[in-house]
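Each residue of the sequence shown is one higher than the last, beginning at 335 in the working numbering.
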Amino acid sequence: MVVAAVGVDHDLLVSLSESLFDPSKAIWASDSSIVPSNIPLIDNSVAQYVGGEKLVEKDLSNMALGPSPFPNLAHLVIGFESCGFKDDDFVAFCVLQSLMGGGGSFSAGGPGKGMYTRLYVDVLNRYPWMYSATAFNLSYADSGIFYIQASSDPSKVKIFQIADTASVIAEQFLLLLKGVVTKEELNRAKTQLKSQLMMNLEVRPVMFEDLSRQVLGHGLRRKPSEYVAKIDAVTSNDLLRISERMLSKRPSIVGYGDLKKFPDYKRFYEVFAKRSISEMKKRSFFGFDSPNI
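Right, dumping it as structure tokens:
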């Protein structure tokens, strides 16, 4: 058990914890005979990433919270295994996610929102028919997943937008293997990540959660300055190395919505197995007319 608090006197917290929680050992610790003998052992095995496909066909054309319906979109996710939060590459994957960035085709607000990230500059700005493209990196104790979620209109018969979307997002992954990350681009990604880290820790509920999670996950709390130093130490070679590590695994593909024109998993697998952008651009590679990428 972990007792955590923010903005509270430490001695007072210890005193309250000692008075409100019973320090006695559990009775089964002193008398094992009361414990059933057939209790299964705790499963301490780690997660095994296998990749694969999950498609959920659903009519989203009438989805609405009010009188105006949401746009009818098909949703695509392409992901690969990344690493757990205890892995040495954890911070490098966080920088990669910051570099890819992304968001929606319409974004209100001021500066500092990552409008110069790759998924904004090279995807949303170039392909106006795409509604969103966002990179995520989820890390757990034993593994993690790095993925890009994108959406587009499935009803455009002439250009098959969801197949085009698949090609565009696949290309973004393959471009990582070229290792072309400018100094300006890398510094911007690292600055954005450090900014998000420090601004989040200005809020006490987030400080409280950060303290609790780090103690549970690592057994101690690392100071923000330690993570800032780790972020600053990430190089473009690190990003190329983790991209190679990531794309050596099978892809994980998710489709949701109108999937009549959704590409077959075999096509995704071939694209990443061959690691060839030119192969992907072949006419009808995803089963329809080649997207103009």
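The beta-carbon is built from N, C-alpha and C at its ideal position, and this holds for glycine as well.
- If you ignore the 5 residues before and after S610, its C-beta comes within less than 8 Å of the C-beta of L508, all in its own chain and listed in chain order.
- Closest option to Y561, judged by alpha-carbon separation, among V384, K359, L350 and A426: A426.
- The three-state secondary structure of N471, taken from DSSP, is strand.
- Q483 has V411 and T468 as its beta-bridge partners, per DSSP.
- Around the C-beta of Y450, fewer than 16 other C-beta atoms lie within 10 Å, and the residue is accordingly described as exposed.
- Just so you know, the alpha carbons of V384 and R538 end up roughly 38 Å apart.
- In this model, G386 and K583 are separated by some 11 Å (Cα to Cα).
- In the pairwise beta carbon analysis, the stretch 558 to 573 is classified as not touching the stretch 355 to 371: fewer than three pairs are separated by under 8 Å.
- With contacts defined as CB atoms closer than 9 Å, G513 and S416 fail to qualify as a contacting pair.
- With a cutoff of 9 Å on beta-carbon distance, S432 and M464 are scored as not near each other.
- In terms of CA proximity to M397, N406 leads the group D343, N406 and K594.
- The stretch 378 to 403 contains, as complete beta strand (DSSP E) runs of 3+ residues, the segments 386 to 391 (chain order).
- A distance of 9 Å or more separates the beta carbons of S379 and G418.
- In this structure, DSSP gives Y461 a state outside helix and strand, which the three-state scheme calls coil.
- Assignment of Y450 by DSSP, reduced to helix, strand and coil, places it in the coil class.
- Between V340 and L545, the C-beta spacing is below 9 Å.
- In the DSSP assignment, G591 falls within the unbroken beta strand (DSSP E) covering S586 to G591.
- One alpha carbon belongs to S485, the other to I373, and they sit about 47 Å apart.
- Bounds of the beta strand (DSSP E) holding G438 are G436 to G438.
- If you draw a straight line from the Cα of Q483 to the Cα of E519, it is about 22 Å long.
- Taking C-beta separations shorter than 7 Å and ignoring five residues to either side along the sequence, the partners of V540 in its chain run N534, following chain order.
- Using a Cβ distance threshold of 9 Å, L394 and D592 count as a contacting pair.
- Bounds of the alpha helix (DSSP H) holding A497 are Q495 to L509.
- Taking the C-beta atoms as reference points, Y454 is found no nearer than 9 Å to D498.
- The DSSP-derived three-state label of G418 is coil.
- Excluding sequence positions up to five before and after A523, its CB lies within less than 7 Å of the CB of V429, S432 and L433, all in the same chain and listed in chain order.
- The continuous alpha helix (DSSP H) containing G551 extends over residues R538 to H552.
- Under the DSSP definition of a beta bridge, G478 partners with S473.
- A607 and I496 do not touch by the CB rule: their CB atoms are close to 22 Å apart, not below 8 Å.
- Sequence-distant partners of Y590 (beyond 5 residues in either direction) whose C-beta falls short of 7 Å from its own C-beta, in its chain, are V390, K392 and H409.
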